[in-house]
Every structure is written in C-alpha cells, then in structure tokens.
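Undergrad:
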Amino acid sequence: MDKTNKNLSIIIFLFITISLSAASGYQYVGDFIEKGLNAISFFIGYFVLVAMFGIFKGVTLFTRKQLLFLAYSSIVFVFAVYLYPYFKYSDQNQSALMSTFVFDLILNTFIFTVLYKEASNELSKSNR
Numbered sequence: 232m233d234k235t236n237k238n239l240s241i242i243i244f245l246f247i248t249i250s251l252s253a254a255s256g257y258q259y260v261g262d263f264i265e266k267g268l269n270a271i272s273f274f275i276g277y278f279v280l281v282a283m284f285g286i287f288k289g290v291t292l293f294t295r296k297q298l299l300f301l302a303y304s305s306i307v308f309v310f311a312v313y314l315y316p317y318f319k320y321s322d323q324n325q326s327a328l329m330s331t332f333v334f335d336l337i338l339n340t341f342i343f344t345v346l347y348k349e350a351s352n353e354l355s356k357s358n359r
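Here's what the structure looks like:
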C-alpha cells in the first residue's frame, strides 16, 4: 500500500471514529462530564472492536502496551460512566442504572480478559 492510501485510511478512520464518538456524547442526556465520559468510552470502544477483530483474524494490530491500555480502559470507563451519575443523582432510584451496570461490567470483564491474554501472548512472542 502506498503512503498516500495509508495516511488517507487513518485520517478517514479517525474522522469517522471521532465524529461518531462526539455525536454519541453530544446526544447523551447529562451534564458535560457525563457527555465527555460517554464520548471517550465510545471512542475507546471502537479501538476495542478493532483489537477484538484482529485477535479473531490472528493479526497483530496493536502492541502489548496498547492492548493493555485498551483492556484496562474498558473496565475503568465502565466504572466511570456508571458511578459518576450514581453518586451525582444519589437521591433518585438507581436500580435500573445498576442492572445495566452489572451487564456492562460482565461484558467488559470478558473483553478485559481477552485483551489481557492477547497482550500476554504478545509478550511471550517477543521473548522468543
């Protein structure tokens, strides 16, 4: 692939990813922090999806450190996205929020496990 196509592809990818993340954050009902957390969470989610697809295809797309960053970010942002409104709106009924929190936490724990294991595999490949 020539350099122009390579640069153009990453520019288009980042434009679409940032645009969709910003739109998601903007339409989210909440204060500025909630909107920001939602946008960042979506942005990281796109890279998690790319990493998961790369793992499925057996292609190394991210370094070990990048995989670890995505793994830990997936867990950290689940807590941030749910716990910030939980404490901010503590005077309201939180049962619906917590039921989706548990589902997201379980799903992101699986994602964390897959990405963490892949990062460990990358470490063992580099040590050979």
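Counting with the working numbering, you get residues 232 to 359 for the letters of the sequence shown. The beta carbon of each residue, even a glycine, is placed where N, CA and C say it ideally should be. Computed from a prediction, not measured in an experiment: that's the story for all the values here.
According to the neighbour-count rule (16 or more other Cβ atoms, all chains shown, within 10 Å of its Cβ), is Ser355 buried or exposed?
TA: Residue 355 sits at position 124 when you count from the first residue of the sequence shown. That one is exposed.
Undergrad: Measuring alpha carbon to alpha carbon, tell me which residue in Leu299, Asn324, Val279, Val333 is nearest Ser351.
TA: In the sequence shown, residue 351 corresponds to position 120, counting from 1. If we check each option's Cα against that of Ser351, Leu299 comes out closest.
Undergrad: Leaving out the 5 sequence neighbours to the left and right, which residues in its chain are closer than 6 Å to Arg295 when beta-carbon positions are compared?
TA: Position 64 of the sequence shown, counted from the first residue, corresponds to residue 295. Excluding sequence neighbours, Arg295 sits near Ala350, Glu353, Leu354.
Undergrad: So what does DSSP say about Val333, is it helix, strand or coil?
TA: Start at 1 with the first residue of the sequence shown, and residue 333 comes out as number 102. Here Val333 sits in helix by DSSP.
Undergrad: Looking only at C-alpha atoms, which of Asp335, Ile243, Ile242, Leu301 sits nearest to Leu314?
TA: For the purposes of this step, residue 314 is taken as residue 83 along the sequence shown, with counting starting at 1. When only C-alpha atoms are compared, the closest one is Asp335.
Undergrad: Report the rounded CA-to-CA distance for Gln323 versus Glu265, giving the unit in angstroms.
TA: As a working note, residue 323 is residue 92 in the sequence shown. As a working note, residue 265 is residue 34 in the sequence shown. When rounded, the distance between both Cα atoms is 17 Å.
Undergrad: Leaving out five residues before and five after Ser330 in sequence, what residues of the same chain have Cβ atoms less than 8 Å from its Cβ?
TA: Counting from one through the sequence shown, the residue named residue 330 turns up at place 99. Closer than 8 Å at the Cβ level, and outside the excluded window around Ser330, lies no residue.
Undergrad: Can you round the beta-carbon distance between Phe274 and Ile306 to whole angstroms, since I take them to be within the 8 Å contact cut?
TA: Locating residue 274 in the sequence shown gives position 43, counting from the first residue. Locating residue 306 in the sequence shown gives position 75, counting from the first residue. Contact doesn't hold; Cβ gap of about 16 Å is too wide.
Undergrad: Within 10 Å of its beta-carbon, does Leu268 have 16 or more other beta-carbons around it, so buried, or fewer, so exposed?
TA: Sequence index remark: in the sequence shown, residue 268 carries index 37 (1-based). Buried, because 16 or more other Cβ atoms sit within 10 Å of the Cβ of Leu268.
Undergrad: If you compare alpha carbons, which of Ile286, Phe278, Lys319 is closest to Ser304?
TA: To locate residue 304, count along the sequence shown from 1; it is residue 73. Minimum Cα distance to Ser304 is reached at Phe278.
Undergrad: Using the three-state DSSP reduction, which class does Gly289 fall into: helix, strand or coil?
TA: Reading the sequence shown from its first residue, position 58 is the one you call residue 289. DSSP places Gly289 in coil when its eight states are reduced to three.
Undergrad: For Gly261, name the three-state secondary structure that DSSP assigns.
TA: Numbered from its first residue, the sequence shown carries residue 261 at position 30. In the structure shown, Gly261 falls within a coil segment according to DSSP collapsed to helix, strand and coil.
Undergrad: Should Phe244 go down as buried or exposed, given a rule of 16 or more other Cβ atoms within 10 Å for buried?
TA: Counting from one through the sequence shown, the residue named residue 244 turns up at place 13. Looking at its Cβ environment, which holds fewer than 16 other Cβ atoms inside 10 Å, Phe244 is exposed.
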